[in-house]
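Peer 1: Before we start, here is the structure in question, set down as structure tokens.
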Amino acid sequence: MVTFSELRAAQPQLWKTAADDLRNAAAQCQRVEDDIHKNGVQPLHTDWPDHVGKLASGVLKRIAERAQVSSILARAGVEPVDALSHAVTIAQNELENGVRFAESNGLVVNPQSGSVSLPPTVQGRDPMELMLLAGQAQQLIDDAVEAATQADSICADELRTIAARESDPQTTVDQAKETQATAANKSLEEIRDTIPDGLSPTEVQQWWNGLTPQEQFDLQRACPTELMGLDGIPASVKQQIDRPQLGYSSAGAVNYAKQNVDNSSLDWDPEDNCTNFVSDALKYGGGMKTKDSDTWPVNHWDHDGWSDGGLGGDDALPPQVPGYSPSWGAAQNNHDFFLNHGGSVVSDPSQVRPGDIAYWQRAESGEVHHAAVVTGVLPDGEVLYTQHSEPGLNYPLNGRLPEFEQSSGPQIIQIVQPRVTW
1 MVTFSELRAA
11 QPQLWKTAAD
21 DLRNAAAQCQ
31 RVEDDIHKNG
41 VQPLHTDWPD
51 HVGKLASGVL
61 KRIAERAQVS
71 SILARAGVEP
81 VDALSHAVTI
91 AQNELENGVR
101 FAESNGLVVN
111 PQSGSVSLPP
121 TVQGRDPMEL
131 MLLAGQAQQL
141 IDDAVEAATQ
151 ADSICADELR
161 TIAARESDPQ
171 TTVDQAKETQ
181 ATAANKSLEE
191 IRDTIPDGLS
201 PTEVQQWWNG
211 LTPQEQFDLQ
221 RACPTELMGL
231 DGIPASVKQQ
241 IDRPQLGYSS
251 AGAVNYAKQN
261 VDNSSLDWDP
271 EDNCTNFVSD
281 ALKYGGGMKT
291 KDSDTWPVNH
301 WDHDGWSDGG
311 LGGDDALPPQ
321 VPGYSPSWGA
331 AQNNHDFFLN
341 HGGSVVSDPS
351 QVRPGDIAYW
361 QRAESGEVHH
371 AAVVTGVLPD
381 GEVLYTQHSE
391 PGLNYPLNGR
401 LPEFEQSSGP
411 QIIQIVQPRV
421 TW
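Once you know that position 127 of the sequence shown is 127 in UniProt numbering, the rest is easy, because the numbers rise by one and skip nothing.
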């Protein structure tokens, strides 16, 4: 358990340096893998095609796979370490706010334990009022220590898991990717645990106002649905998270995506459902109104519409049924519809928000072939997305991109912010 004195003395900026070192290690392992495939395996296939050459190629492929596994696991380690840095920074600020609150009211804070007590003499002040103030200060301090302890424990557990995977020569690429996905969700948990429990709305508002603008921004992007449900968060902040001016609820779309990531009743069996899932999240979670056609078959040939004709959502009918517009379930059409009807590409990574839509475009052909809902952004800027067709919750965008490109070729990632103009 992290103690009061340990939290005050912590230097979270050192963990950011450690996270950067892990990023560099991951990049180096990725370069090793690429070098082996480009300068080792491929020339062997061409210049040494006999049995011995195939054996040599097999050895190089195994080495390349180990480098790939190490790269994925190093990337997996980045997020919990970086999240620990941010979580402890927030916890330190909350702790110092508690100490200042106590001392400004004439209370005494033990420098080792953090316990808050009344002064030796109350000098005519109401002891009951002082005890109430002491309880409020103690709550802030205890919440801060608890948040730091939880983040420290989560990070340590994840690093132990990653280290065990790395030390096991039998770890596969798929196992490393599973570990990476878990680490991203655990990193979110570290940030989420900095949100205090058991405070009154007034105390929550005081806690929120004690955060720096950057900390508030980071929490809005990492924990949108949690803040939306917390009494005491200012209405203006909830509006920034939900963005009703776009014509849909960003928080609602995010919550729907997270709650339905494994909901197979939404699927067009056996079709690819990535874009169908995005549209479901926007309509059934975000409340985005559809753009329907009056012609028959309704919507089916309307390239200027976006609708499921009321046939989607739970127990969805297949896409061949008239009612779905071409933009509902096809990534390219969906991407083009939103950009042609008020949406915009988010060109500044620092402005990506939960509720935006991520699209994967083949760099060579320009084809948009995959889509997902942005469901979070970690403080280091790592975008987390949730998808169907291989259900994935809070996958790290940059963290998984090298393997995505290995299977699908070079990609251009576009983050689009839809806006209802119809």
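Quick reminder that beta carbons are idealized off the backbone N, C-alpha and C, glycines included. All values reported here derive from a predicted model rather than from experimental measurement.
ASN105: which of ALA148, LEU130, SER115, SER71 sits nearest, CA to CA?
Peer 2: Per the Cα distances, LEU130.
Peer 1: Whole angstroms are fine: how far does the CA of GLU33 sit from the CA of GLY310?
Peer 2: If I take the Cα positions, the gap works out to 48 Å.
Peer 1: Decide yes or no for the touch test of the region 181-197 against the region 74-91: beta carbon pairs closer than 8 Å, at least 3 of them.
Peer 2: Flag = yes, the region 181-197 and the region 74-91 touch.
Peer 1: Helix, strand or coil, according to DSSP, for ALA316 in the structure here?
Peer 2: ALA316: coil per DSSP, three-state reduction.
Peer 1: How long is the line joining the alpha carbons of LEU140 and LEU95, rounded to whole angstroms?
Peer 2: About 6 Å.
Peer 1: Quick check: PRO201 and ASP143, are their CB atoms within less than 8 Å of each other?
Peer 2: No.
Peer 1: Please report the residue range of the alpha helix (DSSP H) in which ASN334 lies.
Peer 2: Unbroken alpha helix (DSSP H) run through ASN334: 331-340.
Peer 1: Using C-beta distances below 6 Å, list every residue in its chain close to ALA148, excluding the 5 sequence neighbours before and after it, in chain order.
Peer 2: Correct list, in chain order: VAL2, LEU7, VAL88, ALA91.
Peer 1: Under 8 Å between the Cβ atoms of residue 450 and ASN394?
Peer 2: Residue 450 is absent from the model: the chain starts at 1 and stops at 422.
Peer 1: In this structure, what does DSSP give as the bridge partners for LYS291?
Peer 2: Paired residues: TRP306.
Peer 1: Under three-state DSSP, which class holds THR421?
Peer 2: Residue state, collapsed to three classes: coil.
Peer 1: Which of the three DSSP states is assigned to LEU118 in this structure?
Peer 2: Note: LEU118 maps to coil in three-state DSSP.
Peer 1: Inspect the beta-carbon positions of GLN220 and GLN239 and report whether they are closer than 8 Å.
Peer 2: Going by C-beta atoms, GLN220 is not nearer than 8 Å to GLN239.
Peer 1: Using DSSP with H/G/I as helix, E/B as strand and the rest coil, what is ALA363?
Peer 2: ALA363: coil per DSSP, three-state reduction.
Peer 1: Can you tell me which residues form a DSSP beta bridge with TYR385?
Peer 2: Answer is VAL374, TYR395.
Peer 1: Taking the alpha-carbon positions, what's the GLY329 to GLY313 distance?
Peer 2: Rounded to whole angstroms, GLY329 to GLY313 spans 12 Å at the Cα level.
Peer 1: If you count every other CB in all the chains shown that lies within 10 Å of the CB of ALA371, and 16 or more means buried, which is it?
Peer 2: Classification for ALA371: buried.
Peer 1: Could you tell me the alpha carbon to alpha carbon distance between GLY366 and ASN276, rounded to whole angstroms?
Peer 2: Computed Cα separation, rounded: 21 Å.
Peer 1: Suppose you measure from the CA of ARG31 to the CA of SER71; what does that come to, to the nearest Å?
Peer 2: Straight-line Cα distance between these residues: approximately 9 Å.
Peer 1: Taking the alpha helix (DSSP H) that ILE154 falls in, what are its first and last residues?
Peer 2: Unbroken alpha helix (DSSP H) run through ILE154: 127-167.
Peer 1: In chain order, what residues of the same chain have a beta carbon less than 8 Å from the beta carbon of ASN24, not counting five sequence neighbours either side?
Peer 2: Around ASN24: no qualifying Cβ.
Peer 1: Does the Cβ of ASP193 have 16 or more other Cβ atoms within 10 Å, making it buried, or fewer, making it exposed?
Peer 2: Classification for ASP193: buried.
Peer 1: For SER200, which three-state DSSP category applies?
Peer 2: DSSP places SER200 in coil when its eight states are reduced to three.
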